[in-house]
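See below for the structure under consideration.
Number of protein chains: 2
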Amino acid sequence: MPEKPAGGVRARVRAELTAEIKAAARRQLATEGASSLSLRAIARELGMASSAIYRYFASRDELLTALIIDAYEDVASHIEAAESQCERADHRGRFVAIATTLRSWAVANPNEYALIYGTPVPGYAAPTDTIDPATRVPITLLTVLVESHVSETSEPDESDLGQALADVLVFTNHSVPADAMALAIEAWAEIFGLINLEMFGHFKNAVTNPSVMFNHAANSMAERILP
Amino acid sequence: MPEKPAGGVRARVRAELTAEIKAAARRQLATEGASSLSLRAIARELGMASSAIYRYFASRDELLTALIIDAYEDVASHIEAAESQCERADHRGRFVAIATTLRSWAVANPNEYALIYGTPVPGYAAPTDTIDPATRVPITLLTVLVESHVSETSEPDESDLGQALADVLVFTNHSVPADAMALAIEAWAEIFGLINLEMFGHFKNAVTNPSVMFNHAANSMAERILP
DNA sequence: GCAGAAACGAGAGCGGTGCTCTCGAAACGG
DNA sequence: CCGTTTCGAGAGCACCGCTCTCGTTTCTGC
Chain F
0 MPEKPAGGVR ARVRAELTAE IKAAARRQLA TEGASSLSLR AIARELGMAS
50 SAIYRYFASR DELLTALIID AYEDVASHIE AAESQCERAD HRGRFVAIAT
100 TLRSWAVANP NEYALIYGTP VPGYAAPTDT IDPATRVPIT LLTVLVESHV
150 SETSEPDESD LGQALADVLV FTNHSVPADA MALAIEAWAE IFGLINLEMF
200 GHFKNAVTNP SVMFNHAANS MAERILP
Chain Y
0 MPEKPAGGVR ARVRAELTAE IKAAARRQLA TEGASSLSLR AIARELGMAS
50 SAIYRYFASR DELLTALIID AYEDVASHIE AAESQCERAD HRGRFVAIAT
100 TLRSWAVANP NEYALIYGTP VPGYAAPTDT IDPATRVPIT LLTVLVESHV
150 SETSEPDESD LGQALADVLV FTNHSVPADA MALAIEAWAE IFGLINLEMF
200 GHFKNAVTNP SVMFNHAANS MAERILP
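In the order they appear, the protein sequences are chains F and Y.
According to numbering that gives the first Met the number 0, numbering within the first sequence proceeds without interruption in unit steps and concludes at 226.
According to numbering that gives the first Met the number 0, numbering within the second sequence proceeds without interruption in unit steps and concludes at 226.
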């Protein structure tokens with residue numbers, strides 16, 4: 000998909016139409032859900048032949064991929080913006096900001112949330128284009144964790160736990176002990192667990208106010224994992 | 000769907016065929032995923048006309064519902080069996096048994112797990128038939144929690160947290176304090192978060208051995224929430 | 001400035017889906 | 001035994017993703 004920055008007329012209308020298709024897809028996503036996203040319906044809405052869509056996206060999966068990347072970028076931008084407004088030394092505040100912003104974004108964009116953090120579409124294998132934007136959010140969390148452990152430096156951990164978390168421990172240059180990293184991953188999982196349970200309807204007859212529950216949990220987690 | 004217990008020939012072959020359809024559906028579910036489950040493919044596999052399926056299930060959604068109920072019952076049976084083999088007083092052991100059995104079941108039956116704990120099918124609203132079997136698993140966990148707080152009895156909690164958790168606190172007759180209940184819900188969310196992250200591919204380049212990580216977390220949670 | 005190349009939109013068509021309707025055969029029950 | 005109900009099969013409808021062709025429009029190199 001070569002897009003010249005300000006090339007001829009053709010390149011411009013191509014960029015515009017690509018954006019219009021994505022916009023229509025997002026609109027349809029919001030009302031129908033990901034798995035029933037229909038290229039033909041998008042084409043109908045845009046007043047063009049269904050086959051014309053294929054000039055812009057080679058397949059339905061490629062459109063989905065584009066939407067997934069956009070969603071990752073969008074949530075990452077929100078979270079980074081919220082986190083950057085906290086006092087640098089206030090690690091717990093930064094963690095809570097990350098967690099609560101993630102939930103707010105999920106509540107505001109349930110279908111995009113489901114798209115990136117829900118059940119993967121069956122035959123769909125995430126292309127490599129998606130892994131980069133997907134890492135932005137966890138990296139902001141890891142940064143807070145590393146900065147709160149700034150004075151420590153440890154050797155590679157040879158324990159079972161240390162080996163199980165080898166990849167992420169290497170990623171942080173072993174500046175975070177394995178058990179502290181495990182606590183952080185637990186918190187990370189808890190955040191998604193709470194959001195998933197709320198969004199996918201498993202809090203019925205149990206938690207009446209998910210927002211209060213989530214804020215309580217976020218503060219509880221911050222105390223638990225950050226010194 | 001009236002099914003006479005041992006009625007005429009017709010009732011028996013109807014029950015058998017219903018089971019065969021579900022079996023074929025489950026087989027297809029394991030290889031294709033829920034959203035691409037095809038009634039026509041099932042009919043083909045069973046050597047019957049696609050329209051004949053509708054004598055047994057009024058729609059694709061109804062078949063899905065039947066599979067969902069079966070999955071809930073199956074996971075609940077596994078968890079109850081594992082939990083019942085623990086010493087009654089060993090609350091932490093019972094909790095760990097519940098958690099690890101849930102994960103084992105999810106790893107062994109990824110598509111049924113996704114069916115009941117993943118993103119809901121877009122237009123699909125869980126019929127009332129599913130809520131009953133869905134509660135069996137959380138109830139086993141709540142039972143452990145309540146039994147570990149057996150000596151305490153408290154009044155309705157009027158705090159924000161107490162009100163946010165009102166439904167489940169009432170369900171347990173206020174025998175568990177609100178903050179302890181919140182910790183338990185946090186653990187509950189963490190369990191699903193860990194399983195989701197693992198199953199849906201978000202542990203790539205981070206956690207190399209999800210099993211070790213999960214067992215570590217399960218024990219950590221047990222210490223955290225149970226006295 | 002113009003001819004060849006590339007990009008584009010529309011339309012027809014293929015095989016697939018869920019679902020409905022009709023029709024003849026089979027099993028049931030009085 | 002005969003009327004009623006249940007069942008399987010087939011045709012058909014509207015939709016889907018996707019491919020191919022064909023005439024038109026835009027770009028590009030000479």
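Using N, Cα and C, we set each Cβ at its ideal position, and we do this for glycine too.
Notebook entry, point to check: Taking all protein chains shown into account, do 16 or more other C-beta atoms lie within 10 angstroms of the C-beta of A80(Y), making it buried, or fewer, making it exposed?
Noted result: exposed
Next item on the list: Check whether the Cβ of P176(F) lies closer than 8 Å to any Cβ atom in chain Y.
Entry: no
Item checked: Segments of 4+ residues assigned as alpha helix (DSSP H) that fall wholly inside the segment 30–100 of chain Y -> 38–45, 49–52, 59–83
Note to self: Here's a check: name, in chain order, each residue in its chain whose Cβ is nearer than 8 Å to the Cβ of L28(F), leaving out the five neighbours to either side.
What the structure shows: L36, L66, N110, E111, L114
Note to self: For P176(Y), tell me which candidate among I41(Y), N195(Y), P226(Y) has the shortest Cα-Cα distance.
What the structure shows: P226(Y)
Margin query: Comparing C-alpha positions only, which one of P126(Y), A186(Y), F199(Y), D166(Y) sits nearest to L63(Y)?
Written below: P126(Y)
Note to self: As an exercise, report each continuous alpha helix (DSSP H) stretch of at least 4 residues that is fully enclosed by the segment 164–222 of chain Y, in chain order.
What the structure shows: 165–170, 177–198
Check: CB I128(Y) to CB I68(Y), shorter than 8 Å?
Finding: The residue you asked about is not Ile; residue 128(Y) is Asp in the sequence shown. Cβ atoms of D128(Y) and I68(Y): closer than 8 Å.
Check: Would you say P4(Y) faces chain F, with C-beta separation under 8 Å as the test?
Finding: Note that P4(Y) has pLDDT 40, beneath the 50 cutoff, so the model's placement of it is unreliable and the number below is only indicative. Not one chain F Cβ lies under 8 Å of P4(Y).
Next item on the list: Starting from V136(Y), find everything on chain F with Cβ-Cβ shorter than 8 Å and list it in chain order.
Entry: The premise fails here: V136(Y) is roughly 10 Å from chain F at the closest Cβ pair, so nothing lies under 8 Å.
Check: What does a CB cutoff of less than 7 Å around A216(F) pick up in its chain, not counting 5 residues either side in sequence?
Finding: E189, L193
Notebook entry, point to check: Does any residue of chain F bring its CB to less than 8 Å from the CB of N195(Y)?
Noted result: yes
Note to self: Given this structure, state the Cα-to-Cα distance separating L144(F) from A183(F), to the nearest angstrom.
What the structure shows: 8 Å
Next item on the list: Could you confirm whether any beta carbon from chain Y is found closer than 8 Å to the beta carbon of M212(F)?
Entry: yes
Checklist line | Residue environment, S83(F), which counts as buried when at least 16 other CB atoms sit within 10 Å | finding: exposed
Checklist line | Cα-Cα separation between Y71(Y) and A133(F), rounded to whole angstroms | finding: 31 Å
Check: Looking at the structure shown, is G117(Y) part of a helix, part of a strand, or coil, going by DSSP?
Finding: coil
Next item on the list: Determine, using beta carbons only, whether I184(Y) comes closer than 8 Å to chain F.
Entry: yes
Item checked: Three-state secondary structure assigned by DSSP to D159(Y) -> helix
Next item on the list: Report yes if the C-beta distance between T296(F) and T118(Y) is below 8 Å; otherwise report no.
Entry: Any question about residue 296(F) goes unanswered here, given that chain F covers just 0 to 226.
Checklist line | Nearest candidate by alpha-carbon position, reference R43(F), set A33(F), I20(F), N108(F), L196(F) | finding: I20(F)
Check: Between which two residues does the alpha helix (DSSP H) carrying L242(Y) extend?
Finding: Missing from the structure shown is residue 242(Y); chain Y here goes from 0 to 226 and no further.
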